[in-house]
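Novice: Once you know that position 78 of the sequence shown is 59 in my numbering, the rest is easy, because the numbers rise by one and skip nothing. Cβ atoms here follow ideal geometry from the backbone N, Cα and C, with glycine treated the same way. Given the structure is predicted, the values throughout are model-derived calculations rather than measurements. Got a structure for you, written out below as structure tokens; questions coming shortly.
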Amino acid sequence: MTPAKRNPRTANGARRRAIRARVMAAYDVCAICGKPVDKTLRTPNPWSAEVDEIIPVSRGGSPTDWHNVQLTHRCCNQMKSNKSQQWAQNAIKGNGIRPTSIPFRTSEW
């Protein structure tokens, strides 16, 4: 029986909460659409504040690295999903790019 795969966002809860608090205090605008974020709104409101990973965890990004997190609206973060920052910003502007143009990391073996 193989062990269950752990979610990296919850593996280090204290560190993730500290990063989230730091991002919420440091930024006031959505990194994707550029509009102000109302931090008083709560989930599931689509305009509530969320902390997004610039390089998604599914693509090898760290959920606890200060240089890999940003403030976004919930709806912007959901639209971005596991795509690139550039893809999300172009989608907001209406200039779609293909998801296959995302640079992927490859291993040496």
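#1: Please report how far the alpha carbon of Val4 lies from the alpha carbon of Ala72, in whole angstroms.
#2: Please report the distance separating the alpha-carbon of Ile35 from that of Ile0.
#3: Where do the N-terminal and C-terminal ends of the beta strand (DSSP E) with Val50 fall, by residue?
#4: Work out the CA separation of Cys57 and Ser65 for me, nearest whole Å.
#5: Return the first residue and the last residue of the alpha helix (DSSP H) that Ala2 is part of.
#6: Could you please give me the residues that DSSP links to Pro17 through a beta bridge?
#7: Whose CA, out of Trp47, Lys74, Ser39, Lys61, lies closest to the CA of Asn(-12)?
#8: Please report the straight-line C-alpha distance between Asp46 and Pro37, rounded to a whole angstrom.
Specialist: Result, derived from the coordinates:
#1: Near 24 Å, if we compare the C-alpha coordinates of Ala72 and Val4.
#2: Ile35 and Ile0 have their C-alpha atoms roughly 14 Å apart.
#3: 50 to 54
#4: Inter-residue distance for Ser65 and Cys57 is about 12 Å (C-alpha atoms, whole angstroms).
#5: -6 to 7
#6: Val10
#7: Ser39
#8: 12 Å
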